[in-house]
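Novice: Numbering (our numbering), first residue to last: 12 to 294.
1) Take residue 262 and list the residues in its own chain whose beta-carbon comes closer than 8 angstroms to its own, dropping the five residues that flank it on each side.
2) Counting C-beta neighbours from all protein chains within 10 Å, is the total for residue 211 16 or more, i.e. buried, or is it exposed?
3) May I have a chain-ordered list of the alpha helix (DSSP H) segments no shorter than 4 residues that lie completely inside the stretch 46-119?
4) Under a three-way DSSP split, which group does residue 289 fall into?
5) Report all residues from its chain with a CB closer than 8 angstroms to the CB of residue 3; omit the five preceding and five following residues, and keep chain order.
6) Using CA coordinates, which residue listed in 209, 239, 169 is at the minimum distance from residue 249?
7) For residue 152, which residues of its own chain have a beta-carbon under 8 angstroms away from its beta-carbon, when the five flanking residues on both sides are left out?
8) Using alpha carbons as the reference points, say which of 125, 82, 118 lies closest to residue 138.
9) How about the stretch 139-150 and the stretch 223-243: do they share at least three Cβ pairs that are nearer than 8 angstroms?
10) Grab the span of the alpha helix (DSSP H) containing residue 181 for me, first residue to last.
11) Jot down the residue ranges of each uninterrupted alpha helix (DSSP H) in the stretch 198-237, minimum 4 residues, whole runs only, in chain order.
12) Who pairs with residue 252 in a beta bridge, going by DSSP?
13) Excluding the 5 residues preceding and the 5 following residue 51 in the sequence, name in chain order all residues of the same chain whose CB lies nearer than 7 angstroms to its CB.
14) Where residue 115 and residue 256 are concerned, what is the direct C-alpha to C-alpha distance, given to the nearest angstrom?
15) Ignore the nearest five residues each way along the sequence and tell me which others in residue 120's own chain have a CB closer than 8 angstroms to its CB.
16) Only counting the same chain, and skipping five residues up and downstream in sequence, which positions put a Cβ closer than 7 angstroms to that of residue 80?
17) Does DSSP classify residue 44 as helix, strand or coil?
18) Spell out the partners DSSP gives residue 137 in its beta bridges.
19) Under the assumption that residue 70 contacts residue 166 (Cβ atoms under 8 angstroms), give the Cβ distance between them as a whole number of angstroms.
20) Which residues in the same chain have their Cβ closer than 8 angstroms to the Cβ of residue 278, if we skip the five residues on either side of it in sequence?
21) Could you spell out where the alpha helix (DSSP H) holding residue 186 opens and where it closes?
22) Considering only their Cβ atoms, is the gap separating residue 76 from residue 99 smaller than 8 angstroms?
23) From the DSSP output, in three-state form, read off residue 259 for me.
24) Indicate whether the contact test is met: 3 or more Cβ pairs, each with one atom in the stretch 180-200 and one in the stretch 238-248, closer than 8 angstroms.
25) Does DSSP classify residue 152 as helix, strand or coil?
26) Rounded to a whole number of angstroms, what is the C-alpha to C-alpha distance between residue 301 and residue 61?
27) Which of the three DSSP states is assigned to residue 123 in this structure?
28) In whole angstroms, give me the CA-to-CA distance for residue 118 and residue 107.
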């Protein structure tokens, strides 16, 4: 059966869900199950929808197909079509990914009462519904620089760091430190008199030892701070407060915003088309 053998496939612009196994006895009586502005949706369309949408719920499949038909009518009214070459390539790839020739795929389809033409027509409509509509909507949708800036501000992760120069001495040199501090409060001079080379660090809050961390993060740029632990004395100078930003590039954000706006516009369009169309469902 088709449902048993066909796997998921990416047709360049279309990714199908993994197909499940269905059992349909005998050949299909291709009756009309619904119509959209006079264009019929057939039982064979429902069967293909159940296979490709991975669903046994006929009502949900029909609901989706009604939207597909509406969008296709709208797009075709704008003069947009799917190139036959793309459809042929998609059909061939669908066969190849299942280790079949087109002839073998056709035989699989026939066991379900379907034809390659049914499949091709289905692919055409799905491609228009999933991607073709965007070619139309792109003419009326854009992402402004203000929207982009606001989105970047909203989504970026900001890390605040402090750049500090630190001198570390052993506790036994405490008297020497006091003697130097009586002479100067200039950090570079202190380092020179103590014979030490400062270590420059770029730290986030919480990265230093407790006492020093508290002093560093409560001081202003240019301040000199002191701290100690059981074994050491620390002298630090606050050089700079720095904000580092992590996030997506402007191009990535633009694409995400554009896709979001396209999806919203597509849903609005479908609702408006439903209100303006004649839809009939045959019980």
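We treat Cβ as the ideally placed atom computed from N, Cα and C, and that holds for glycine.
Specialist: Working from what's here:
1) none
2) exposed
3) Fully enclosed alpha helix (DSSP H) runs of 4 or longer: 54-63, 69-87, 95-108.
4) coil
5) Limits of the chain in this structure are 12 at one end and 294 at the other, which puts residue 3 out of reach.
6) 209
7) 269, 272, 273, 276
8) 82
9) no
10) Note, residue 181: premise wrong, no alpha helix (DSSP H); beta strand (DSSP E) at 168-181.
11) Listed in chain order, they are 198-205, 221-229.
12) 173
13) 43
14) 55 angstroms
15) Cβ neighbours of residue 120 beyond the five flanking positions: 13, 126, 127, 129, 130.
16) 47, 50, 52
17) strand
18) The partner list for residue 137 (beta bridge, DSSP) is empty, contrary to what the question assumes.
19) Contact annotation, residue 70 with residue 166: C-beta distance approximately 38 angstroms; criterion of less than 8 angstroms not satisfied.
20) none
21) 185-194
22) Taking 8 angstroms as the Cβ cut-off, residue 99 and residue 76 do not qualify as a contacting pair.
23) coil
24) Yes: the two stretches touch, three or more of their Cβ pairs being nearer than 8 angstroms.
25) coil
26) An answer regarding residue 301 cannot be provided, because it is not within the stretch 12 to 294 covered by the chain.
27) coil
28) Each residue's alpha carbon lies about 14 angstroms from the other.
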